[in-house]
Structures are given as C-alpha cells and as structure tokens.
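Peer 1:
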Amino acid sequence: MPRINLAKPSKITLSLLFLLLLLQHPTLANDGYRLWLQYAPIEKSDLAEGYKQQLQQIYLSNTSATMQVIQDELDLALGKMLALSPRYSSSNNSSTAPGLIIASPSQRPSLNEMITSEEYAALGEEGYLLRTISNGKKTQILITGNTDIALLYGTYELLRKLQTHSSLEKINLQSSPKTAIRVLNHWDNPDRTVERGYAGASIWDWHRLPDYIHPQYLDYARANASIGINGTVLTNVNANAQVLTPYFLRKVAKLAEVFRPYGIKVYLTARFSAPMELGGLSTADPTQPEVQEWWDNKVNEIYEYIPDFGGFLVKADSEGQPGPQNYDRSQAQGANMLAQALKAHQGIVMWRAFVYTNETPDDRAKQAYNEFKPLDGDFDDNVIVQVKNGAIDFQPREPFHPMFGAMPQTPLMMEFQITQEYLGQGTHLVYLAPMYEEVLDTDTYAEGPGTTVAGIIEGRQSGSLLTGMAGVSNIGTDRNWTGHLFGQANWYAFGKLAWDPSLSSEEIAEEWSQMTFTNDPSSTETITRIMMLSHEAAVNYMTPLGLHHIMGWSHHYGPGPWVTDKHRDDWTSTYYHQADRLGIGFDRTVKGSNALGQYAPEIQKLYGNPATCPEKYLLWFHHLPWEYVMPSGRSLWEEIALHYQKGVDQSREMLYAWQSLSTEIDPARYHQVESFLRIQEKEAIWWKDACLLYFQQFSQRPFPKEVEKPEHSLEYYQNYEPKFVPGI
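Quick note: the sequence shown, position 602, residue 895 per the working numbering, numbers continuous.
1. Between S798 and the rest of its own chain, which residues show a CB-CB distance below 6 angstroms, the 5 nearest in sequence each way excluded?
2. Report the residue from A549, N593, T653 whose alpha carbon sits nearest the alpha carbon of Q633.
3. So, with DSSP's three-state summary, where would you put Q317?
4. How big is the Cα-Cα spacing for Y892 and S953?
5. Under the rule that 16 or more other beta-carbon atoms within 10 Å means buried, what is D771, buried or exposed?
6. Determine the direct distance from the alpha carbon of D324 to that of N783, and round the result to whole angstroms.
7. Less than 9 angstroms between the C-beta atoms of A950 and F914, yes or no?
8. Do you know how far the Cα of D686 is from the Cα of E948?
9. Taking three-plus beta-carbon pairs below 8 angstroms as touching, is the stretch 642-659 in contact with the stretch 602-609?
10. How about S468 and W792: are their beta carbons less than 9 angstroms apart?
11. Roughly how many angstroms lie between the CA atoms of G343 and D368, to the nearest whole one?
12. In the DSSP assignment, what residue or residues form a beta bridge with D873?
13. Return the chain-ordered list of same chain residues with a C-beta closer than 6 angstroms to the C-beta of A549, the five sequence neighbours on each side being excluded.
14. Among N675, Q710, T775, which residue has its Cα nearest to the Cα of A628?
15. Would you please verify whether the beta carbon of F991 is less than 9 angstroms from any beta carbon of chain D?
16. Consult DSSP for F693 and reduce its assignment to one of helix, strand or coil.
17. Within the same chain, show all residues whose beta-carbon is closer than 8 angstroms to that of Y505, passing over the 5 residues directly before and after it, in chain order.
18. Taking the runs of the beta strand (DSSP E) that are 3 residues or longer, which of them lie wholly in the stretch 375-408?
19. Less than 7 angstroms between C-beta atoms, sequence neighbours within five positions excluded: which residues of the same chain meet that for S303?
20. Taking the alpha carbon of M360 as the reference point, which residue from L444, P617, T409, E418 has its own alpha carbon closest?
21. Express the C-alpha separation of Q938 and G811 in angstroms, rounding to a whole number.
22. Would you call the CB atoms of A684 and E691 closer than 9 angstroms?
23. Between A1024 and Q679, is the Cβ-Cβ spacing less than 9 angstroms?
24. How far does the alpha helix (DSSP H) with G780 in it extend, from its first residue to its last?
25. Rounding to the nearest angstrom, what Cα-Cα distance links W480 and P918 in this structure?
26. Ordered along the chain, which non-local residues of its own chain (more than five positions away) have a Cβ less than 8 angstroms from that of P1015?
27. Going by DSSP, name the residue or residues bridged to D481.
28. Rounded to the nearest angstrom, what separates I843 and S886 at their Cα positions?
29. Run the CB neighbour count on T956, radius 10 Å, all protein chains shown included, and call it buried at 16 or more, exposed below.
30. Hey, how far is the Cα of L826 from the Cα of S623?
31. Note down the Cα distance separating A514 from Y555, rounded to an integer number of angstroms.
32. Contact between the stretch 441-460 and the stretch 422-431: three or more CB pairs below 8 angstroms?
33. If V545 and L511 are in contact, beta carbons under 8 angstroms, what's the gap, nearest whole angstrom?
34. Does the beta-carbon of R874 have 16 or more other beta-carbons within 10 angstroms, so that it is buried, or is it exposed?
35. Just how far apart, CA to CA, sit P704 and T744?
36. Given M835, which residues of its chain have a CB within under 6 angstroms of its CB, disregarding the five upstream and five downstream residues?
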C-alpha cells in the first residue's frame, strides 16, 4: 500500500482515506440499495414526537400474507424513522382507540358508518382512502380500501408522507389507479445477460431457483408495491422458448409465490415459434388446429404451476423474431390465437406494435401504423396492443406515436423506456419523467381537442377496462439496482405515472429526492433542479431540434452521425438525418414520406409548416436549408450548433449544482454521482464535437463564436469505437 502523507492532507488524500475506511467498514456506506425506501431517522424532535404519538398503537387485522407484509413494513419503517415499535390490535372492541386504523370494511364493519358505499365502489380493487378522522377527543388516521392490496398501497402512501415530513393533520386522500396493468418489462435472458441493461446481470438467478430465494426478490417486490406496479414480465421480448418449459416454470412459480402478497403478477414472453421449437410441429401458423391445441395445452400447464399467471407479452415480426407474417397472417390473428388460450384463465396478451418488415421502407416511422390501423376492432377483448411512445425507437425525444388516437376500438397501452438506451445508458443523469409527461399530455386531436395520449391509454377512447402502461426495466445486480443512482428516479417516476398519468414530473422529482437523499429544503430544490434540467440537456447535446437515431452503431453509445451502408438503411444514421449540401432533416410532410398524414388534421396543419412546427420536432418532420431562418433570427446551422453547446453548458451546470451538495449528501452516494456527472460532461463535449464536425462538412459554415472549438478532428471521432459496451 502506498504511504500517505498526513501532514497536509489534500482533498484527494482525504477522499482516499474515506474510501479506505469504507472498504474496511462497508456497513458505514449508503450504497443506494434501499432505493427510495431509505426510512431515514426523523431528526426534528417535535415532528418525530407527533408521529410517535399518532402511530404507537395500530389497528391491523393480520389475516393474510399481505397484511403480514404491511405489518413488517411498518415495523421496519417506524423502527428506522422513529425508533418506534408499535403495538398492534385486531380487536374491534378495544378500550384504547388506535391512532392508525388499517382495515377494509369486512375487517372492521364500523367503517361502513364513516365511509359510504359509493366511496368504496369508487376505489375499485386497488384504490385506497387515507383520511384523518375524529373519535371523540382522539384524532385517528384511517387507511381503508376493498382489498388487502389496496391497504398495502395506502400504507406506502402514509409512509411516503412520513418520509417527506408531511403533516398528518386533515388528510383526506382518495387514490385509485387510472390504468389497470402497470408492468415492468425485463429484457432479461435465461443466461442472466440483460439486453439494453446497464446495471449488471439479471437479478433472476435461474440456476439457484426455486430452492434459493434471494433477499433482493423481496426488496424488488417492496419497491414495486410502494409505487403501485402490479406486474412483471420476467423475460426478454426477444424471447427464448425454453422459459415455457417445466424446468423454468417451476422457478417462475416460486417468484410468483414471492410476489403475490405484494399484488404483483408474473408474465412471460411467448416466442411465436415455440410450437415448433418445443412441440416438434412443422408450423406455427396461428390458424392451424394443431398449433392452437399446442398453445391451449401449454397455457393450461402454466396455470397449473401459477394459478394467477398474468399472461404473455409478445414481440413478433420484428428484428428477426418469428410471427404471423411468416404465414401471411395478420397481427390480430396471431394475438387472438394466444388470447383464446388464455381467456378461460383471465389471462391477457400484451402484443407489441414494434413491428417492421425485413425490407427497408420509405419511412420506418410509418410501419407500425400501416400494419395495425387496418386491424382496429379485430383484436379479442383480452388483447392490449403495446405501443412505444414514439414511432422510431426510444429516442431522446420523439413526437407521440401516431397509433395513439388512430385505433378507437382497440385498447392501447404505453411502452416507455426506463433504461436509458440512446440516452447515455447507465452513465448519464437523465431524468425521464419530463419526457413521459410531455408525451402523456400531448393532445392527439383524434376526437377533437382534449384527446390526450394519457386519456387514450386510460381507456377514455376505447371504453375498455383493459388499460395499461409498461416500462422497460433498468434493474440489475448492481448494489444500487440501476447503475446510476439517479436511474432509480426513472423507475420511481414510471410507477407513479402509471398509477396516475396526470402527475407532475417536477413534484415526483421533489418527492423522490426527499425520500432518497434529504428533506433539507435547499438541497431538495437543488436536486430537483438538476433532475428537471437533465432531459433537455441530453436532447441538446445529442439530438437537438428533432434530429434522431444518430447514435453509435449497434451499441448505441455515443455519437455516430456518419453511420451508413449497413445491411438495413433504417439502422443507419444517414437514413434519418439526411444531411447534404442543401440542408438537414427528414421530410415527413406530404412532399416527403407523408408520415405526418398519419396524425389528425390539426397536428398535420401545425407540424406541416416549418413556421408553426414546434422547434423540438422541426427536423423530425422537415428537411430544411442550412440558412433557414429560425424564430431567433439565427440560421438553422447556427441554431443547431448553439443547441449542442447549450447541452454541454447544461451538463456543467448539473455538475456544479451537485458539487454544491458535497456536505449535504452522504459521501458514498455523493462521490458516485459526481464521478458520473464528470463523465457526462466529458461525453457531452464528445457529442458536440463529433456531430458538429460531421455536419459542418455539409453546411460549409463556421461555428458560432459561442461554440467551443472541437478538441479533436472528425477523423479522430469517426475512428474512436468504445469496446465491450454493456447491454448488447
């Protein structure tokens, strides 16, 4: 070990000493494993004392596994936050009035005298009511709902209020989910690799299941239940048929058993060709009786292992995956075959709309709409079509997918990315809730003004009760779950918005930062400001003004606007930006691919004119000259260059803001985030320099004086290739 001079300790020396201390005493470090369920001690004595007085005696009827989960969570949380060991009672005739009542009306019939039948009916199966009530001289807090799972959700809401140091006086909160299916999509493979995963290996240890239950499975369930997520798709959409065999089904059944008390159903991805690969059939044609019989038998077998199995998620006819197109059948025919097998068990099919042919089309953005729009009304009622937020592929920013609003007779569920493919992956701080909010709040005008994307996925257009939102998971075996600590915020925000798409991304950020880091108002304000800046910063230094899909080849990490001449044109960057001496951008107006024609007339009119098209989508819909005059009075070239520079400046702003918190955040988490923000600043410069040097070849114009000179030549950036990028 090198000798350390302690005479005049530098900042570096002190950091080394600190890290050595952590290595010797790892329990001293907060490594982020506890996510937003930190349950930090409440140090304000008056606040803590008030909470203790209210919560020292609790009415709880411990009659199920879920009710035991509630008690265990209360013991953990109140013990850590308040050093309190509450007393529990399940007697309705107790002489001492409890400060907290957690009960359904069947468990405590007297609740029917306080809560009307209409209020209970409005809560549904999962909704809860959290209310302050008066019992003579004593104020009580009531958590009630129609099911034990509803009571669990209400308990987490109460604990959220404690974690954010909220008042418990005059609470009157009624909350029910606006979508029925709120599910994580794990792109995890049986060998524990994770496609587009940037936080280590898959947490599903198939080799040791079903005999060993890793504690992380329970903490996974706790975290999801705390934000209302009620489903998990365990396996990759690029499916492996082996997960449908008894060898794996026994293991899946054990996970389902662990998750069941938390209200979480398990789903699996179904490989369309499984009847051939597992059943030895000569075809997987969905119209053939022997194929239908094979799936009927397989589904019955699954439900023998997992009585509450949720159903299948299917990726078909896309990126080499088999599907009904192989047999000249429609997507509806493929989906309905599986739906029929599941219907008797109340299972569902989530059929992904991420479908495109093996031939390069005139515009990749049009394909899903063209494939699915004619099938509106053809899907069985236990099929929901899962649509990405945009028509290309999880880009830093995309206009909303034109399928939203175009299929009024078909339930559509949203698919958002939580993992950050195309967005710095596990290295960049990019809080995605503003992007989610931007899409959800967009008016499609499908049935006139007010037909928002959020309203469509809530079922207001189709009238279906089968509604949902899916998030592609960013979870792995890294101790902090998500690689980047702030990646946890995307998981958290997804759950909150899946429950209620109308929530504010800024309020979610503030709540998450309070629960995860600190309740200090100044620090919370700084963290929230960093988060709310981060998405726009990433868009600026990656793909400003509607540019898209200009990332590195295959791994999608770092800039690659020069990527061309691959085996599919629409897997290249030049296909999308179409930069030449005349200008830049993809013309999707009637003069170009007319992808804009897939939207409502109001959107076509607004976006079809460069003068009225929102700047953030300008080059998505228009190919414009480099000298095109922007609203700022600057040329398009100057505006592009200044946006790239602004992204760099914003990444620095985030770093400096975080550094101001060095004494407010625990050292282990502070240093990790600071290190990653330094990487982000460096790579923002890489993006700026590489993209502007490449586009300058065509614009033949100088950089604006405000733009920092590139550090290297274009040839340097074109020849630089990151090695072994995670997530491939």
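A virtual CB, placed ideally from N, CA and C, is assigned to each residue, including glycine.
Peer 2: The structure says:
1. A726, P727, E730
2. Ranked by how close their Cα comes to the Cα of Q633, the residues A549, N593, T653 have N593 in first place.
3. At Q317, the pLDDT of 48 sits below 50, so the modelled position is not reliable; the number obtained from the coordinates is stated separately. Q317 falls in the helix class under three-state DSSP.
4. 46 angstroms
5. D771 should be labelled buried.
6. Each residue's alpha carbon lies about 18 angstroms from the other.
7. no
8. Here residue 948 turns out to be Leu, not Glu, going by the sequence shown. Spanning the two alpha carbons is a distance of roughly 29 angstroms.
9. yes
10. yes
11. Distance between the alpha carbons of G343 and D368 is about 17 angstroms.
12. Beta bridge pairing from DSSP links D873 with G876.
13. V559, I599
14. N675
15. Given the protein chain composition of this structure (a single chain), no chain D is represented.
16. Under the three-state reduction of DSSP output, F693 falls in the coil class, being neither helix nor strand.
17. D498
18. Within the stretch 375-408, the complete beta strand (DSSP E) runs of at least 3 residues are 380-382, 393-395.
19. Annotation note: pLDDT 47 at S303 (below 50); position unreliable, coordinate value reported separately. So the list is empty, once near-sequence residues are dropped.
20. M360 has its Cα closest to that of L444, out of L444, P617, T409, E418.
21. First, the amino acid is wrong: residue 811 is Thr here, not Gly. Going from the Cα of T811 to the Cα of Q938 covers about 32 angstroms.
22. yes
23. Nothing about residue 1024 can be read from this structure; the chain reaches only from 294 to 1021.
24. 780-792
25. Straight-line Cα distance between these residues: approximately 41 angstroms.
26. G845, H848, Y850, G851
27. V487
28. 19 angstroms
29. exposed
30. Rounded to the nearest angstrom, the two C-alpha atoms are 43 angstroms apart.
31. 6 angstroms
32. yes
33. Actually they are not in contact, since the Cβ atoms of V545 and L511 sit about 17 angstroms apart, beyond 8 angstroms.
34. exposed
35. 15 angstroms
36. P689, W980
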